[in-house]
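For the protein sequence lines, the chains are H and W, in the order given.
Be aware that the first sequence starts at 3, since it is given in the numbering used here, and climbs by one per residue.
Be aware that the second sequence starts at 2, since it is given in the numbering used here, and climbs by one per residue.
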Amino acid sequence: MRLPEIVGTAVGNTFRSKLRTLLTVLAIFVGAFTLTLTNGLGVGITSYIDAQVASLGGEDLMSVAKAATVEASGFGSDEGPREYDPEKSFFTAGAGLQFEALSAADVRTIEAIEGIARVEPVRVVAPDYVHHEGGTKYELLISPAPSGLDLDLAAGRTYTEAGVVEVAGYDEPLGELLLPSSYVEPLGFASPADAVGAVVTIGLSDPFGNQHEVHAHVSGVLRTSLFGDGAIVSSALRDAMFEAQTRGLPPIVTDVYQGASVRLEPGTTAADVERIKAELREHDMAGITLQDQLGAINSVINGLVWVLNGFAIIALIAAGFGIINTLLMSVQERTREIGLMKAMGMGAGRIFALFSAEAVFIGFLGSAIGSLLAIVAGNLISDVLARGPLSDLEGLRVMAFDPLQVLLVILLVMVLAFLAGTLPAAKAARQDPIEALRYE
Amino acid sequence: MNAQPRNILEARDLVKSYGTGEARFDALRGVSLEIGSGEAVAIVGKSGSGKSTLMHLLALLDSPTSGTVLVDGQDSRALTTTQTNQLRNEAYGFVFQQFFMIPSATVLENVMLPLKIKGVPPRERRERAMELLRLVELDDKAGNRGTNLSGGQKQRMVIARALANRPRVIFADEPTGNLDSATGEVIEDLLFGLNREHGITLVIVTHDEELAQRCDRRVYLKDGLIVDERGEPLGVPA
Ligand SMILES: Nc1ncnc2c1ncn2[C@@H]1O[C@H](COP(=O)(O)OP(=O)(O)O)[C@@H](O)[C@H]1O
Ligand SMILES: [Mg+2]
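Structure (structure tokens):
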């Protein structure tokens, strides 16, 4: 019997015991459906994050901080604890957050590194509250987002190069603020567009317990994104806020930064990035690109997806036992037939192939139907979520399907089915035609 | 009566034992036998005398404990598994008392099975199978399930299947054992017709003396040994 014939016969044989085949296919279906869906979840979220990164356009940005600070945030080496060095300056922010600070000298060191176009030191600011024209005060978080990102705005525009705008009624130009959309209603604005152009007041405390207020001009309203609900401030506003927060302190304390936002020269390659990172390391600093940060997020998501995949694979292994069981029954039932075929000259290898092909076909049926329905279900779920609970996260499709990955799932299940089929197939191949044809 | 000088089948001192030690049972205890091409030979004996065992060994379905089977004068032990399979597929046809068929398949599909195993293309095997069904007058039942046929029809279908690859030998184990005498006679006529007209060698296992008498020659088996028609060991005068 030739191979296509064997496959054709095997396919025909699977339909001989329809109910049994159906139940086995169903077990595989459940596993393949789950696996495709969990994979889809991984692809969906990862590609959303990738798209967000691409839209931010932060490929040429790197944030730099002292190595210890970077390590504390989960990036960098696993060398163990560092020895205490009294020379190092630590900075304590309002909320009790402590980190090793970047000095003005460090900033100059960064500037001297080849391939770096611009350095923008970042000072940590921790405002107490924000309010609009004496209304209710709300807590406010300032996002550490570096400048130079293409931000997703619901209204208005991003801040100007100078970071300040003239506002009627104020002597000094006011620093610019991009307000998260979740603050629009609480602060008493009718719509994001209504908030644009308004002046809000930010309260900050100095180390002596005195509160100071800084006025800021709302230049734009941020759409909700994965990157949290923090406001973004221009450098000028940040400096003004920092000044209020450290009023009365000597310059030695105030002339330090949480880190620096660095813009790389255009055309920087991955090798350049590595070299810059190495040079920073020599100076006890560390650089993280946006890619590094997202890599960390992605690996967390991948980890979760694999845990879910693990469950699906357990289901598939259980289904594999179903295949073994089904085929063993089938071999048992067809003892006579197998004996007859062997008596008529069908080789053991062909018999093995016949039953293996049956197993693989059952695997194919279950996984193909499972994957297909998972795609349909996944798209439906994504649609519903995108219209409902996740409508704020624009462009997020919770589940997306990569054809290659779906194909891989189907192939995986077929391989699994083949492995499950080897036991019954070998049993069939070993069968003695005399025994099979013996008259009871 | 046989013009061909060589024997198509030859058994040399066949011994077949089942089990070992205390449980050992010798089904055949040294059987030698020659079958000429085109001959119709009956293997006769009581139930349990070793007829089926002998037939299985001759058809290379099983291997003897000792002794050997020669095919066209060639020692079958020298054949590879593939060659043995090919021989059984192409040169031998099988007819069993219990018919043996694929119950879910149609009559046509059952007849096509040896052709399919051989690798004959679908159109060709369909034509050949239909031709054979016409020969056994079952062409009107081609699309029926094999299990829905009567006993005689089943055995005709099995004969058609045995003929699929134009075999040189047909091994028939009690071919009429499950049939009434009228139906049995139709099957016998069919088999002997094939023997006469196509020179197909017949090896028929039976305990039916009437059927045995229609063969050219009878081989009597008793307790795993060849005996004469009176049941006496060979060489002992009457
Ligand atoms: N696989 C086996 N194991 C043990 N004994 C067997 C086996 N096959 C056949 N026999 C025994 O060998 C003897 C001959 O069997 P068989 O050739 O089928 O006889 P017949 O066809 O003449 O009725 C019987 O006694 C039978 O019980
Ligand atoms: Mg018998």
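Built from N, CA and C at the ideal position, the CB exists for glycine as well.
*Going along chain H in order, which residues have a C-beta closer than 8 Å to the C-beta of Ile103(W)?*
Taking the first residue of the second sequence as 1, we reach residue 103(W) at position 102. By Cβ distance, chain H contributes Glu339 and Leu342.
*asked:* Counting only Cβ pairs nearer than 9 Å, list the residues of chain H close to Thr83(W).
replied: Locating residue 83(W) in the second sequence gives position 82, where the first residue counts as 1. By Cβ distance, chain H contributes Gly349.
_Status (buried if at least 16 other CB within 10 Å, exposed otherwise) for Gln84(W)_ = Here residue 84(W) corresponds to residue number 83 of the second sequence, with the count starting at 1. Using a 10 angstroms sphere on the CB of Gln84(W), the tally of other CB atoms stays under 16, which defines it as exposed.
_Exposure label - Leu62(W); buried when at least 16 CB within 10 Å_ = Counting from 1 along the second sequence, the entry for residue 62(W) is found at position 61. Per the 10 Å Cβ criterion, buried.
_Measuring alpha carbon to alpha carbon, tell me which residue in Leu195(W), Met102(W), Leu34(W) and Val170(W) is nearest Gly152(W)._
The count along the second sequence starts at 1 and reaches residue 152(W) at position 151. Measuring from the Cα of Gly152(W), the nearest candidate turns out to be Met102(W).
*Is the CB-CB distance between Val223(H) and Val186(H) below 9 Å?*
Walking along the first sequence from the start, residue 223(H) turns up at place 221. Walking along the first sequence from the start, residue 186(H) turns up at place 184. Yes. Within cutoff.
*Report whether the distance from the Cβ of Arg440(H) to the nearest heavy atom of ligand 1 is below 8 Å.*
Start at 1 with the first residue of the first sequence, and residue 440(H) comes out as number 438. The nearest non-hydrogen atom of ligand 1 is less than 8 Å from the C-beta of Arg440(H).
*May I ask whether a heavy atom of ligand 1 can be found less than 8 Å away from the beta carbon of Thr54(W)?*
For the purposes of this step, residue 54(W) is taken as the residue at position 53 of the second sequence. The nearest non-hydrogen atom of ligand 1 is less than 8 Å from the C-beta of Thr54(W).
*Residue range of the alpha helix (DSSP H) that includes Leu421(H)*: Looking up residue 421(H) in the first sequence gives position 419. Following the DSSP letters along the chain, one finds Leu421(H) inside the alpha helix (DSSP H) bounded by residues Pro405 to Arg432.
*ligand 2 heavy atoms versus the CB of Val206(W): any closer than 8 Å?*
The sequence position of residue 206(W) within the second sequence is 205, counting from 1. The answer is yes for Val206(W).
_Excluding the 5 residues flanking Ala431(H) on each side, which residues of the same chain have their C-beta closer than 6 Å to its C-beta?_
Residue numbering aside, residue 431(H) sits at position 429 when the first sequence is read from its first letter. Once the five neighbours on either side are set aside, the close Cβ partners of Ala431(H) are Ala350, Ile353 and Phe354.
*Using 8 Å as the threshold, is the region 15 to 25 of chain H in touch with the region 275 to 294 of chain H, meaning 3 or more CB pairs across them?*
Touching, no, given that fewer than three Cβ pairs across the two stretches are closer than 8 Å.
*Could you tell me which residues DSSP puts in a beta bridge with Tyr259(H)?*
Locating residue 259(H) in the first sequence gives position 257, counting from the first residue. Its beta-bridge partners are Leu104(H).
_Is it the case that the region 120 to 140 of chain H contacts the region 233 to 244 of chain H, given that we only count it when at least three CB pairs across the two stretches are under 8 Å?_
The region 233 to 244 of chain H, when compared against the region 120 to 140 of chain H, does touch it at the 8 Å Cβ threshold.
*Counting contacts by CB-CB distance shorter than 9 Å, is Met416(H) in contact with chain W?*
Residue 416(H) sits at position 414 when you count from the first residue of the first sequence. For Met416(H), no CB of chain W lies under 9 Å from its own CB, so it is not counted at the interface with that chain.
*Beta-carbon separation of Val72(W) and Val204(W) under 9 Å?*
Counting from 1 along the second sequence, the entry for residue 72(W) is found at position 71. Counting from 1 along the second sequence, the entry for residue 204(W) is found at position 203. Going by C-beta atoms, Val72(W) is not nearer than 9 Å to Val204(W).
*Go to Glu110(W), then tell me how far its beta strand (DSSP E) extends in each direction, as first and last residue.*
In the second sequence, counting from the first residue as 1, residue 110(W) sits at position 109. Element bounds for Glu110(W): not the beta strand (DSSP E) but the alpha helix (DSSP H), Val108 to Lys119.
*asked:* Is there a Cβ of chain H sitting closer than 9 Å to that of Gly185(W), yes or no?
replied: As a first step, residue 185(W) must be located in the second sequence, where it is residue number 184. False, the Cβ-Cβ gap to chain H never drops below 9 Å.
*asked:* Considering only the alpha carbon of each residue, which of Ile234(H), Val417(H), Ile30(H) and Leu310(H) lies closest to Leu39(H)?
replied: Residue numbering aside, residue 39(H) sits at position 37 when the first sequence is read from its first letter. Comparing Cα positions, the closest option is Leu310(H).
_Tell me the DSSP secondary structure of Pro234(W) in three-state form._
Reading the second sequence from its first residue, position 233 is the one you call residue 234(W). Strand.
*asked:* For Asn8(W), list the residues DSSP reports as bridge partners.
replied: Position 7 of the second sequence holds residue 8(W). Asn8(W) pairs with Gly37(W).
_Phe95(W): first and last residue of the uninterrupted beta strand (DSSP E) it sits in_ = To locate residue 95(W), count along the second sequence from 1; it is residue 94. Segment Tyr93 to Phe97, the beta strand (DSSP E) holding Phe95(W).
*Any contact of the region 411 to 430 of chain H with the region 357 to 368 of chain H, i.e. 3+ C-beta pairs under 8 Å?*
Note that the region 411 to 430 of chain H touches the region 357 to 368 of chain H; at least 3 beta-carbon pairs, one per stretch, sit closer than 8 Å.
*Can you tell me whether DSSP reads Gly98(H) as helix, strand or coil?*
Here residue 98(H) refers to the residue found at position 96 when the first sequence is read from its first residue. Below a pLDDT of 50, predicted positions are generally treated as unreliable, and Gly98(H), at 44, falls in that range; the measurement from the model is reported next regardless. Correct three-state label for Gly98(H): coil.
*Is Arg265(H) helix, strand or coil when you go by DSSP?*
By one-based count along the first sequence, residue 265(H) stands at place 263. Under the three-state reduction of DSSP, Arg265(H) is assigned to strand.
*Return helix, strand or coil for His219(H), following the three-state DSSP convention.*
As a first step, residue 219(H) is located in the first sequence; it is residue number 217 there, counting from the start. Collapsing the DSSP output to three states places His219(H) in a strand.
*Which whole-angstrom value describes the C-beta separation of Leu134(W) and Leu109(W), a residue pair presumed to lie in contact below a C-beta threshold of 8 Å?*
Along the second sequence, one-based indexing puts residue 134(W) at 133. Along the second sequence, one-based indexing puts residue 109(W) at 108. 7 Å between Cβ atoms; contact.
*Taking Cβ positions, are Leu58(W) and Ala92(W) nearer each other than 9 Å?*
For this step, residue 58(W) is matched to residue 57 along the second sequence. For this step, residue 92(W) is matched to residue 91 along the second sequence. Cβ atoms of Leu58(W) and Ala92(W): not closer than 9 Å.
*In angstroms with no decimal places, state the Cα-to-Cα distance between Gln247(H) and Ser207(H).*
Numbered from 1 along the first sequence, position 245 holds the residue referred to as residue 247(H). Numbered from 1 along the first sequence, position 205 holds the residue referred to as residue 207(H). In this structure, the alpha-carbon of Gln247(H) lies about 5 Å from that of Ser207(H).
_Using only the alpha-carbon positions, how far apart do Leu164(W) and Gly94(W) sit?_
Looking up residue 164(W) in the second sequence gives position 163. Looking up residue 94(W) in the second sequence gives position 93. When rounded, the distance between both Cα atoms is 6 Å.
*Roughly how far, in whole angstroms, is the beta-carbon of Thr177(W) from the beta-carbon of Ile188(W), given that I think they are within contact range, below 8 Å?*
Here residue 177(W) refers to the residue found at position 176 of the second sequence. Here residue 188(W) refers to the residue found at position 187 of the second sequence. At roughly 6 Å, the Cβ-Cβ gap stays under 8 Å, so Thr177(W) and Ile188(W) are in contact.
*Give me the Cα-Cα distance between Asn149(W) and Phe366(H), rounded to the nearest whole angstrom.*
As a first step, residue 149(W) is located in the second sequence; it is residue number 148 there, counting from the start. As a first step, residue 366(H) is located in the first sequence; it is residue number 364 there, counting from the start. So the two alpha carbons sit approximately 34 Å from each other.
*Leaving aside the five residues before and after Val132(H) along the sequence, list all residues of the same chain whose C-beta is less than 6 Å from its C-beta, in chain order.*
Start at 1 with the first residue of the first sequence, and residue 132(H) comes out as number 130. Apart from sequence neighbours up to five positions away, the residues of its chain that approach Val132(H) with a beta-carbon distance below 6 Å are Tyr140, Leu142, Val202 and Ile204, ordered along the chain.
*For ligand 4, is there a heavy atom less than 8 Å away from the beta-carbon of Glu437(H)?*
Ligands displayed in this structure: ligand 1 and ligand 2; ligand 4 is not among them.
*Starting from Leu222(W), follow the beta strand (DSSP E) in both directions and report where the run begins and ends.*
Within the second sequence, numbered from 1, the residue matching residue 222(W) stands at position 221. Under the DSSP assignment, Leu222(W) falls in the beta strand (DSSP E) whose first and last residues are Arg218 to Lys223.
*asked:* Measuring only the C-alpha atoms, how far is Leu387(H) from Gly165(H)?
replied: Taking the first residue of the first sequence as 1, we reach residue 387(H) at position 385. Taking the first residue of the first sequence as 1, we reach residue 165(H) at position 163. Looking at the two C-alpha atoms, the distance is approximately 38 Å.
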